[in-house]
Amino acid sequence: MPTRPYPSPLRYPGGKLKVANYVKLLFERNNLLDGDYAEPYAGGSSVALALLFDHYAARIFINDLDPAVYTFWRTVLDNPEGLKRLITDTPMTMDEWYNQRRTFLSPDSSPLELAFATFYLNRANRSGIILGGVIGGKQQTGNWKLDARFNRAELTQRIEKIARHSDRISVTNYDAQVFLQQVVPTMNNRSLTYLDPPYYVKGQGLYANAYGPDDHAAVAADVAALTKPWLVSYDNAPQILDLYQQFRPLEYGLSYSAQERRQGGEVMFFSHGLQLPNGISNPSKVPNKFLHKLPF
Numbered sequence: 003m004p005t006r007p008y009p010s011p012l013r014y015p016g017g018k019l020k021v022a023n024y025v026k027l028l029f030e031r032n033n034l035l036d037g038d039y040a041e042p043y044a045g046g047s048s049v050a051l052a053l054l055f056d057h058y059a060a061r062i063f064i065n066d067l068d069p070a071v072y073t074f075w076r077t078v079l080d081n082p083e084g085l086k087r088l089i090t091d092t093p094m095t096m097d098e099w100y101n102q103r104r105t106f107l108s109p110d111s112s113p114l115e116l117a118f119a120t121f122y123l124n125r126a127n128r129s130g131i132i133l134g135g136v137i138g139g140k141q142q143t144g145n146w147k148l149d150a151r152f153n154r155a156e157l158t159q160r161i162e163k164i165a166r167h168s169d170r171i172s173v174t175n176y177d178a179q180v181f182l183q184q185v186v187p188t189m190n191n192r193s194l195t196y197l198d199p200p201y202y203v204k205g206q207g208l209y210a211n212a213y214g215p216d217d218h219a220a221v222a223a224d225v226a227a228l229t230k231p232w233l234v235s236y237d238n239a240p241q242i243l244d245l246y247q248q249f250r251p252l253e254y255g256l257s258y259s260a261q262e263r264r265q266g267g268e269v270m271f272f273s274h275g276l277q278l279p280n281g282i283s284n285p286s287k288v289p290n291k292f293l294h295k296l297p298f
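For the sequence shown, the numbering used here gives the first residue as 3, with consecutive numbering after it.
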């Protein structure tokens, strides 16, 4: 059975849950079921969680260089009760929003405090951008208020579910290149690594760890050296097409929201030998009926 629509407690601009069914088809087509799955740029980890919950991946490896995002995921696994308590008890007010912003920026915050501040701002801010503007504006005069995306019961249930699978989840805080060089080689041969690096164009406005041209080129070189299956998704920029020109491209449109609703041009690249699902021209539009029913 497909997982519920939003397995992740976090919201992310350009979140990739829409391609989860396509990644599931890659698992089916390439005999990867019950293997490992990795995301060097985990963010909200929505695809990873969908694969884990729906029994496609036996283990998931989620990595994020952002210390706040890493601390959140580490806390979900190590102290879910503390996180759930704060979600249940903390008021959704502008005074508290300012308090959580101060906590997020403070070098003295405990891991639990930083994890919750990251979560609070992610849920309360427009498009989930942690240092972005609050939903409804600071005067709270908008049609939506800062609690619009803060369903306490639903969010604590998501955290509970993830924590129950903690023995099958690895969380790390490496640079993506270090992750590719040191972690991916230790994974099961039956594995898939999905990279969704910061956008080449306009990445500075969306990511805490945006890349320059040399960073994109360095990652592309490390990806090309991988010996296990992988896929990469990017904004469809000429420079990216050039960096990955030796690999098969699949260009498509992806609707997302970050400050405004628009249609983003995206492109995926695939490792040599990875078999692609037949007849799928847009990885973000794969209906559940295309998936096989697994014996679980």
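The C-beta atom is built at its ideal place from N, Cα and C for all residues, glycine as well.
Among the residues of its own chain, which have a CB less than 6 Å from the CB of residue i, if the five just before and after it don't count?
i	result
Leu19	Ser48
Asp38	Arg61, Met189, Asn190, Ser193
Gly151	The sequence shown places Arg at residue 151, rather than the Gly named in the question. Excluding positions up to five away in sequence, the list reads Arg125.
Tyr8	none
What does the alpha-carbon distance come out to for the pair residue i and residue j?
i	j	result
Pro42	Tyr176	8 Å
Ala260	Tyr14	In this prediction, Ala260 has a pLDDT of 44, which is less than 50 and means its spatial position is unreliable; what the coordinates show is noted afterwards. Distance between the alpha carbons of Ala260 and Tyr14: 9 Å.
Pro215	Asp244	12 Å
Thr198	Thr90	Reading off the sequence shown, one finds Asp at residue 198, where the question assumed Thr. Computed Cα separation, rounded: 32 Å.
Asp237	Leu123	26 Å
Glu162	Asn33	30 Å
Ala50	Leu182	17 Å
Ser172	Thr120	20 Å
Val180	Gly144	43 Å
Asn153	Ala44	23 Å
Val225	Val234	9 Å
When we look at the beta-carbon of residue i and count the other beta-carbons within 10 Å, is it buried (16 or more) or exposed?
i	result
Glu268	buried
Arg61	buried
Thr73	buried
Asp66	buried
Arg170	exposed
Asn127	buried
Thr95	exposed
Pro109	exposed
So, under 8 Å CB-CB, residue i and residue j are touching, yes? Tell me the CB distance rounded to an integer number of Å.
i	j	result
Gly255	Asn284	7 Å
Pro246	Ala212	Before going further, note that residue 246 is Tyr rather than Pro in the sequence given. Incorrect: roughly 19 Å between the Cβ atoms, too far for contact.
Ignore the nearest five residues each way along the sequence and tell me which others in residue i's own chain have a CB closer than 7 Å to its CB.
i	result
Val186	Ala40, Thr195, Leu228, Lys230
Ala59	Gly37, Asp38, Tyr39, Leu53
Leu35	Phe29, Tyr58
Ordered along the chain, which non-local residues of its own chain (more than five positions away) have a Cβ less than 8 Å from that of residue i?
i	result
Gln241	Tyr202, Pro215, His218
Segment contact flag, the stretch 130-141 with the stretch 89-109, C-beta cutoff 8 Å, min 3 pairs: yes
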